[in-house]
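Trainee: Sequential numbering from 280 applies to the sequence shown in the working numbering.
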Amino acid sequence: MKIIVLGAGAWGSAVAMSAAQHPARHAVTLWARDAAQAQQMRSQGQNARYLPGIAFPSSLTLADGDFAALLPGADLVIVATPMAALRSMLTSLRGCTAPVAWLCKGFEAAAPGGDPQAFGLLAHEVQALIAPELIAGVFSGPSFAQEVALGQPTALVAASSHAAVRDALVAAFHSKSVRVYANEDIVGVEVGGAVKNVLAIATGLCDGLALGLNARAALITRGLAEMTRLGLALGARPDTFMGLSGLGD
């Protein structure tokens, strides 16, 4: 497979490194927006800014500049940018015929002077507005970039209404150390990935205030219930939130 990863932060670098561990199966290119960062990664053989000390696989190709030149013939395009950059990336990907998957988690924040109707959109809703022709989905789950880059065991979920996206993600990343589970419920997976951030911060506050394990357990349990209710209101399936992108994440 020809796999293009757009975004050389911690998570983008980690998933690129994971796929590049199998050079007989995949040709992986990691694209960096910052040319200076790309050059530094080439010279050092690692992403010293985000994943210091973890060497890139020798088969990983690094690129910068106009990523449009990388897209012809691609079998999978991974968008590894923050939620705030998703619109611009999807705009640049209009017309791409390869399966596309984003890694970002969250609801879109309102942009100053932007469309008030755009506030609070999930990633797939942004895609439906910006580039509805794309065959797209989300790659999510409980995953620290450093552990994935080190090849430690991880389970992730590939969610899309398009079988081609789910199949491409499984083919690209399923391995001895990474298990990828396909799911059609993209709404549930995205809601789980977004709301878990709120729960994680609240749990940290609970610990920092030394409120005890009883309060921590109550917060997580009731938070999961609220996450599920929100997801159901947005059209998700309830069982999704007991999986990797809800309880797991």
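Every residue gets a Cβ at the ideal spot worked out from N, C-alpha and C, and that includes glycine.
#1: First and last residue of the beta strand (DSSP E) that includes L285?
#2: Are the beta-carbon atoms of A447 and L350 separated by less than 7 angstroms?
#3: What do you get for N462, buried or exposed, if any count of 16 or more other CB atoms within 10 angstroms of its CB means buried?
#4: How many angstroms separate the CA atom of F335 from the CA atom of V436?
#5: Roughly how many angstroms lie between the CA atoms of D313 and N326, to the nearest whole one?
#6: Quick test of the definition: if touching needs 3 or more C-beta pairs under 8 angstroms, does the stretch 475 to 484 touch the stretch 493 to 506?
#7: Looking only at its chain, what residues have a beta carbon closer than 7 angstroms to the beta carbon of R304, apart from the 5 residues adjacent to it on each side?
#8: With a threshold of 16 other CB atoms inside 10 Å of the CB of T507, please say whether the residue is buried or exposed.
#9: Where do the N-terminal and C-terminal ends of the beta strand (DSSP E) with L488 fall, by residue?
#10: Check whether the stretch 293 to 311 and the stretch 448 to 458 are in contact - that is, three or more C-beta pairs closer than 8 angstroms.
#11: Who are Q325's beta bridge partners in DSSP?
#12: What are the start and end residues of each continuous alpha helix (DSSP H) run of 4 or more residues lying completely inside the stretch 356 to 412, in chain order?
#13: To the nearest angstrom, how far is the alpha carbon of E469 from that of R321?
#14: A424 to A359, Cα distance in whole Å?
#15: Is the distance from the Cβ of V466 to the Cβ of L513 below 7 angstroms?
#16: When the Cα of C375 is compared with those of A353, G420, S297, A287, which residue comes out closest?
#17: Provide the residue(s) that pair with T340 in DSSP beta bridges, ordered along the chain.
Mentor: So, to answer that:
#1: For the purposes of this step, residue 285 is taken as residue 6 along the sequence shown, with counting starting at 1. Segment 281 to 285, the beta strand (DSSP E) holding L285.
#2: Counting from 1 along the sequence shown, the entry for residue 447 is found at position 168. Counting from 1 along the sequence shown, the entry for residue 350 is found at position 71. Taking 7 angstroms as the Cβ cut-off, A447 and L350 do not qualify as a contacting pair.
#3: For the purposes of this step, residue 462 is taken as residue 183 along the sequence shown, with counting starting at 1. Result: buried.
#4: One-based indexing of the sequence shown puts residue 335 at position 56. One-based indexing of the sequence shown puts residue 436 at position 157. It is roughly 24 angstroms from the alpha-carbon of F335 to the alpha-carbon of V436.
#5: Here residue 313 is taken as the residue at index 34 of the sequence shown, counted from 1. Here residue 326 is taken as the residue at index 47 of the sequence shown, counted from 1. Rounded to the nearest angstrom, the two C-alpha atoms are 12 angstroms apart.
#6: Yes: the two stretches touch, three or more of their Cβ pairs being nearer than 8 angstroms.
#7: Residue 304 sits at position 25 when you count from the first residue of the sequence shown. Hits under 7 angstroms: M280.
#8: On the sequence shown, position 228 is the one that residue 507 refers to. Per the 10 Å Cβ criterion, buried.
#9: On the sequence shown, residue 488 is found 209 positions in, with the first residue counted as 1. L488 -> no beta strand (DSSP E), and no H or E assigned at all.
#10: By the Cβ rule, the stretch 293 to 311 counts as touching the stretch 448 to 458, because three or more pairs are nearer than 8 angstroms.
#11: The count along the sequence shown starts at 1 and reaches residue 325 at position 46. DSSP lists A334 as partners of Q325.
#12: Whole alpha helix (DSSP H) segments, 4+ residues: 365 to 371, 402 to 409.
#13: Along the sequence shown, one-based indexing puts residue 469 at 190. Along the sequence shown, one-based indexing puts residue 321 at 42. Put simply, the backbone Cα of E469 is about 33 angstroms away from that of R321.
#14: Numbered from 1 along the sequence shown, position 145 holds the residue referred to as residue 424. Numbered from 1 along the sequence shown, position 80 holds the residue referred to as residue 359. For A424 and A359, the distance between alpha carbons rounds to 12 angstroms.
#15: Your numbering for residue 466 matches position 187 in the sequence shown. Your numbering for residue 513 matches position 234 in the sequence shown. A Cβ-Cβ contact shorter than 7 angstroms links V466 with L513.
#16: Working through the sequence shown from its first residue, we reach residue 375 at position 96. When each option's Cα is compared against that of C375, the closest is A353.
#17: Working through the sequence shown from its first residue, we reach residue 340 at position 61. In the DSSP assignment, T340 is bridged to T308.
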